[in-house]
Structures are given as C-alpha cells and as structure tokens.
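A.B. asks: As you go down the protein sequences, you meet chains E and V in turn. Convert by adding 101 to the 1-based position in the first sequence; the result is the number in this note's numbering. Convert by adding 501 to the 1-based position in the second sequence; the result is the number in this note's numbering. Backbone N, C-alpha and C fix where the C-beta goes; we use that ideal spot for every residue, glycine too. For clarity, every value in this text was computed on a predicted model and none was experimentally measured.
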Amino acid sequence: GAGVSQSPSNKVTEKGKDVELRCDPISGHTALYWYRQSLGQGLEFLIYFQGNSAPDKSGLPSDRFSAERTGGSVSTLTIQRTQQEDSAVYLCASSSLRGRDSEQFFGPGTRLTVL
Amino acid sequence: AQSVTQLDSQVPVFEEAPVELRCNYSSSVSVYLFWYVQYPNQGLQLLLKYLSGSTLVKGINGFEAEFNKSQTSFHLRKPSVHISDTAEYFCAVRPSGNTPLVFGKGTRLSVIA
Chain E
102 GAGVSQSPSN KVTEKGKDVE LRCDPISGHT ALYWYRQSLG QGLEFLIYFQ GNSAPDKSGL
162 PSDRFSAERT GGSVSTLTIQ RTQQEDSAVY LCASSSLRGR DSEQFFGPGT RLTVL
Chain V
502 AQSVTQLDSQ VPVFEEAPVE LRCNYSSSVS VYLFWYVQYP NQGLQLLLKY LSGSTLVKGI
562 NGFEAEFNKS QTSFHLRKPS VHISDTAEYF CAVRPSGNTP LVFGKGTRLS VIA
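(1) Is Ser585/V helix, strand or coil by DSSP?
(2) Considering only C-alpha positions, which residue in the set Ala189/E, Cys193/E, Ala194/E and Phe206/E is nearest to Arg212/E?
(3) For the candidate residues Leu216/E, Lys118/E and Pro126/E, whose alpha-carbon lies nearest to that of Arg165/E?
(4) Pick out whichever of Gln184/E, Gln181/E, Lys158/E and Arg182/E has its Cα sitting closest to the Cα of Leu133/E.
(5) Go through its chain and collect everything with a Cβ distance to Leu552/V's Cβ below 6 Å, but skip five positions before and after it.
(6) Which same chain residues, not among the five before or five after Leu144/E, have their C-beta less than 8 Å away from its C-beta?
(7) Please list the partners that Glu169/E has in chain V, where partner means a Cβ-to-Cβ separation under 9 Å.
(8) Going straight from the alpha carbon of Gly129/E to that of Ser197/E, what length do you get?
(9) Pull up the DSSP beta-bridge partners for Gln539/V, would you.
(10) Which residues of the region 580–607 of chain V have a Cβ closer than 9 Å to any Cβ of chain E? Give them in chain order.
(11) State the Cα-Cα distance for the pair Gly177/E and Leu548/V, rounded to the nearest angstrom.
(12) In three-state DSSP terms, what is Ile613/V?
And the structure:
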C-alpha cells in the first residue's frame, strides 16, 4: 500500500486478556517504530527495529509488552495480561535508512480499550 | 536524554488571527526538530522539520517555525489561521537519522469562527 497500515483500528478487551496489534510498514522501509499515545502522557516511544539489528526495547513499560518483526516487514506488538492503564492509541511508524533526512511516516493507530 | 516541553496544552484563537505554538527542548547534543499535526481521528502528519541550514523553516499549510539554538526553542507560527487548522500539534526531536522521536505532550489548537 501507499502508507503505513495498522490493524485492528479499534480493539476492546477485558483486563487480563492478551492482545496483538499489527503494523504493515511502507514497502522498502527498513526502520519501524512503535509509539503509544495516552491521555496525560502524550506520545511515548516503545520499541524500534532497524534492519537486521537487535531491536531497541528501551521504551517498553513492562515485560508484558513485546514485539517482533518478521521478514523485515510486518510487525506485531503483543500485550499480555492487559491492564486498564494499557488503554491508549498505539501508533506505528516506518522510515527508510537514509540518514538524517529519514522522515517517519505514521499509521492511523490502533485504539486499545481495556475494560 | 532529550526532552521536549510544549508550554501550552490548549490554544484557542479566532479565525484569521495569527498563532504561535511554543516548543522548547533540552539536549546535550545537536538534534533534528519536527512539528507534527494530528487532525481529529487521524494519524500524525509531518508539518515541517529542521535539520540544518536556515533557521526559518517553512512547512505545509502556511506554517513556519524558527530554530533558536541559544534559547533551545522551535516555535511554530502561522500568520492567519483557518477553521481547518483545528488539530493537535506535536513538537518532536531526535538526535540522528534513524532513531526514535521524543515528543512533547502536544498543544490543542482550536480555531473559533
């Protein structure tokens, strides 16, 4: 597709359940980022993949959060045993590996609601 | 570590009036600076960016921003706003090419007819 796509657009789940959020980056983009947008916290970095390097997981808030990127393309963010404070919009972005001018293109996000 | 402060969480302004959205950053290294806009129920869209060179940067939709190194600021301005500019605006920094962005908490611009 022409842009970054994310699915589902909305997810409602019960506390304690696991959820998976998907991101399809722009074709050919080697860098992929996950951010979280929540009320009062703004936009926070979660995890970052670049090419075949080990991901930067420094932004993950707890060990309930994990992400993988298969084949250098699609990425899945998994939240285990969801809590109400996990409710937020999860944004994915991708960029090409072209140095300082590598603009990050954002997807529309997945709105997660934990009841 | 970098941080970004957007001093105003909400800015109401009348249509056709000028607006300035303030952004200050802290960093011990040179950074690249960005402004993103988020329209209601949409994703983030890049408005403009400063990488190097001229400190006055022009972006889309008539917006511009000025990088001031001594004041560590990157304020966003528009001389005459439209109703369609109603959105949330985020200032962001990053230290190098492919690294995560550090965002401010956002400023909600409301344009009043």
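C.D. replies: Once the coordinates are examined:
(1) Start at 1 with the first residue of the second sequence, and residue 585/V comes out as number 84. Three-state DSSP puts Ser585/V in a helix.
(2) The count along the first sequence starts at 1 and reaches residue 212/E at position 111. Ranking Ala189/E, Cys193/E, Ala194/E and Phe206/E by Cα distance to Arg212/E puts Ala189/E first.
(3) Here residue 165/E refers to the residue found at position 64 when the first sequence is read from its first residue. Here the closest residue by C-alpha is Lys118/E.
(4) Along the first sequence, read from residue 1 onward, the residue named residue 133/E stands at position 32. Residue Lys158/E is the option with its Cα nearest to Leu133/E.
(5) Within the second sequence, numbered from 1, the residue matching residue 552/V stands at position 51. Cβ neighbours of Leu552/V beyond the five flanking positions: Tyr533.
(6) Looking up residue 144/E in the first sequence gives position 43. Its chain contains Tyr136, Arg137, Gln138 and Leu192 as the residues whose beta carbon lies nearer than 8 Å to that of Leu144/E, once the 5 sequence neighbours on both sides are disregarded; these appear in chain order.
(7) For the purposes of this step, residue 169/E is identified with residue 68 of the first sequence, where counting begins at 1. Residues of chain V whose Cβ lies closer than 9 Å to the Cβ of Glu169/E do not exist; the shortest such Cβ separation is about 18 Å.
(8) Taking the first residue of the first sequence as 1, we reach residue 129/E at position 28. Taking the first residue of the first sequence as 1, we reach residue 197/E at position 96. So the alpha carbons of these two residues sit roughly 7 Å apart.
(9) Sequence index remark: in the second sequence, residue 539/V carries index 38 (1-based). BP columns for Gln539/V point to Leu545/V and Glu589/V.
(10) Answer set for the region 580–607 of chain V: Phe591, Ala593, Arg595, Ser597, Gly598, Asn599, Thr600, Pro601, Leu602, Val603, Phe604, Gly605, Lys606 and Gly607.
(11) Reading the first sequence from its first residue, position 76 is the one you call residue 177/E. Reading the second sequence from its first residue, position 47 is the one you call residue 548/V. This sequence places Thr at residue 177/E; Gly is not what is there. C-alpha separation (whole angstroms): 28 Å.
(12) On the second sequence, position 112 is the one that residue 613/V refers to. The answer is strand: DSSP assigns Ile613/V an E or B state.
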